[in-house]
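Asker: First residue of the sequence shown? That's 1 in full-length UniProt numbering, and the numbers climb one at a time after it.
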Amino acid sequence: MVKLNDPKNYSKNMKSYQPSVPYFMNCLKAFLFGGAICVIGQSLQEMYIHSFHFTKDNAGNLTSATLILISALLTGFGVYDKFARYAGAGSLVPVTGFANSITSAGLESKSEGIVLGIATNLFKLAGAVIVFGVVSATVFGTIRLFIEHLLK
Numbered sequence: 001m002v003k004l005n006d007p008k009n010y011s012k013n014m015k016s017y018q019p020s021v022p023y024f025m026n027c028l029k030a031f032l033f034g035g036a037i038c039v040i041g042q043s044l045q046e047m048y049i050h051s052f053h054f055t056k057d058n059a060g061n062l063t064s065a066t067l068i069l070i071s072a073l074l075t076g077f078g079v080y081d082k083f084a085r086y087a088g089a090g091s092l093v094p095v096t097g098f099a100n101s102i103t104s105a106g107l108e109s110k111s112e113g114i115v116l117g118i119a120t121n122l123f124k125l126a127g128a129v130i131v132f133g134v135v136s137a138t139v140f141g142t143i144r145l146f147i148e149h150l151l152k
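(1) Return the CA-CA distance between P94 and Q45, expressed in angstroms with no decimal places.
(2) Is it buried or exposed for F33, if we count other Cβ within 10 angstroms and need 16 for buried?
(3) Give me the Cβ distance between A72 and T103, rounded to the nearest whole Å; I'm assuming they're in contact under 8 angstroms.
(4) Is it the case that the Cβ atoms of Y48 and T63 are separated by a distance below 8 angstroms?
(5) Can you look up T55 in the DSSP assignment and give me helix, strand or coil?
(6) Which residues in the same chain as G117 place their Cβ atom closer than 7 angstroms to its Cβ, once the five residues preceding and following it in sequence are excluded?
(7) Whole angstroms are fine: how far does the CA of E148 sit from the CA of K82?
(8) Distance, Cα to Cα, N58 vs H50?
(9) Only counting the same chain, and skipping five residues up and downstream in sequence, which positions put a Cβ closer than 6 angstroms to that of A89?
(10) Count the other C-beta atoms from every protein chain shown that fall within 10 angstroms of the C-beta of N100, then say buried if there are 16 or more, exposed otherwise.
(11) Quick check: what's the CA-CA separation for G127 versus A105?
(12) When the Cα atoms are used, what is the spatial distance from G97 to L125?
(13) When we look at the beta-carbon of T55 and count the other beta-carbons within 10 Å, is it buried (16 or more) or exposed?
Written as structure tokens, this is what we have:
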């Protein structure tokens, strides 16, 4: 007789109830959609350089700002979330995912007012990204400084 609460059989029983995860398709969609966002960004940058005669640095800054603006607008209209559900990690990794996280947090809390709602909750998720980005940049910059100083 098999005991239902037996710890030895628990993992075997649970595996039969868990849905299979389509890892390959998830990776493929992330690659394709993330790549498509990057192709759009590269196309924008080339357009800014060749059509509007911006320098490469200025075109890069303008490209990032354009992608952030498009992502924020699509989030506001409810389109980006539908896209992200299908595209998966491919929509989250580029700067568009960062803009989406900030915009959606602001939209969720707009009923609480501008200061206590939007301004307070704007960086709920993105705040951690910014903090860890600054901390890791500082740590690795310091390590590089010491290594360069030792090699001189």
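Ideal Cβ positions, reconstructed from N, Cα and C, are used throughout, including at glycine.
Answerer: Straight from the coordinates:
(1) 15 angstroms
(2) buried
(3) 4 angstroms
(4) yes
(5) coil
(6) S109, K110, S111
(7) 47 angstroms
(8) 12 angstroms
(9) A30
(10) buried
(11) 11 angstroms
(12) 11 angstroms
(13) exposed
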